């Protein structure tokens, strides 16, 4: 790839690549899209993507990555879309996220992540789409970035959502917490989600919806709570949901 400075898009998907040699793409300064999904890549280094300063879309899904080396994203400061789904990442520490301040979308679904520190995403000030579905996360804490619009936590092992966990994420429109082990939604759980349109709590262990737990969701359009074991819906639980168009409490 030493004489392709004008190449903008490169797909090398569904092959048997096992690694990326340092400086492989160094001369491909015009590359904007690089897709390497469904290979056997297990190791990357800080220089794997050196030279790709114009890259905006990187897809590494469906590989065998177990760690993200510090500095991997330094050479690609303009990255907007990053797919790391379907790997074997046990975590995504804050050090791994260094250099991703311009990121708009990150997909970490189908890994082995069991927790994440709030500061992991705090420097991604432009992040709008976060997918952490199909992992092993047990708790959702505070500290998520304020610009998030779409957030997926479905198919994890969540038993706890910290009070006011979403207080600093006022722009979320879609929140998926389905297929977890959530049994209780507190009154303050959804504070800050005044612009939420779509809330999915289906396939959990909830037995009731407390009267004030949905109080702050003034713009909610769709509410899915099916496949729980609801025995009580508080008399005033839905009173403030005046824009609600669809609700499913079936079992």
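Numbering (the working numbering), first residue to last: 4 to 254. No residue lacks a Cβ here, since even glycine has one placed at the ideal position from N, Cα and C. On a predicted model such as this, the values are computed, not experimentally measured, just so you know.
Worksheet item: Are the Cβ atoms of residue 163 and residue 199 separated by less than 8 angstroms?
Response: As a position in the chain shown, residue 163 is number 160, starting the count at 1. As a position in the chain shown, residue 199 is number 196, starting the count at 1. Going by C-beta atoms, residue 163 is not nearer than 8 angstroms to residue 199.
Item to complete: For residue 106, count neighbouring C-beta atoms within 10 Å of its own C-beta (all shown protein chains included) and say buried if the count is 16 or more, exposed if not.
Response: Along the chain shown, one-based indexing puts residue 106 at 103. By the neighbour-count rule (16 or more Cβ atoms within 10 Å), residue 106 is buried.
Worksheet item: Can you give the beta carbon distance from residue 248 to residue 224, rounded, assuming they're within the 8 angstroms contact cut?
Response: Position 245 of the chain shown, counted from the first residue, corresponds to residue 248. Position 221 of the chain shown, counted from the first residue, corresponds to residue 224. Indeed, because the Cβ distance is near 5 angstroms, the residues count as touching under 8 angstroms.
Worksheet item: So who's on the other strand from residue 36, going by DSSP bridges?
Response: Counting from one through the chain shown, the residue named residue 36 turns up at place 33. 12, 60.
Discussion item. Closer than 8 angstroms is the cut-off here; do at least three beta carbon pairs connect the stretch 52-67 with the stretch 34-44?
Written reply: yes
Fill in: residue 86 - containing beta strand (DSSP E), residue span
Start at 1 with the first residue of the chain shown, and residue 86 comes out as number 83. Here the beta strand (DSSP E) through residue 86 covers 84-86.
Worksheet item: Shortest alpha-carbon distance to residue 90 belongs to which of 69, 82, 84, 109?
Response: Against the chain shown, residue 90 aligns to sequence position 87. The option with the nearest alpha carbon to residue 90 is 69.
Worksheet entry | Secondary structure of residue 193, DSSP reduced to three states | The residue you call residue 193 lines up with position 190 of the chain shown. Coil, per DSSP.
Worksheet item: What whole-angstrom Cβ distance do residue 85 and residue 47 have, given they're in contact under 8 angstroms?
Response: Along the chain shown, one-based indexing puts residue 85 at 82. Along the chain shown, one-based indexing puts residue 47 at 44. Between residue 47 and residue 85 the Cβ distance is about 13 angstroms, and since that is not below 8 angstroms, they are no contact.
Discussion item. I'd like the list of long-range same chain contacts for residue 99, defined as Cβ closer than 6 angstroms, with 5 residues on each side in sequence excluded.
Written reply: Taking the first residue of the chain shown as position 1, residue 99 is located at position 96. For residue 99, where only same-chain residues beyond five positions count, the Cβ hits under 6 angstroms are 71.
Fill in: Reduced DSSP secondary structure (H/G/I, E/B, other) of residue 124
On the chain shown, residue 124 is found 121 positions in, with the first residue counted as 1. Residue 124 falls in the helix class under three-state DSSP.
Worksheet item: Below 8 angstroms between beta carbons: does that hold for residue 93 and residue 116?
Response: Position 90 of the chain shown, counted from the start, is the residue given in the question as residue 93. Position 113 of the chain shown, counted from the start, is the residue given in the question as residue 116. Yes, they are a contact pair.
Discussion item. Let me make sure I understand the geometry here. Which of 14, 34, 23 has the alpha-carbon closest to that of residue 6?
Written reply: To locate residue 6, count along the chain shown from 1; it is residue 3. Minimum Cα distance to residue 6 is reached at 34.
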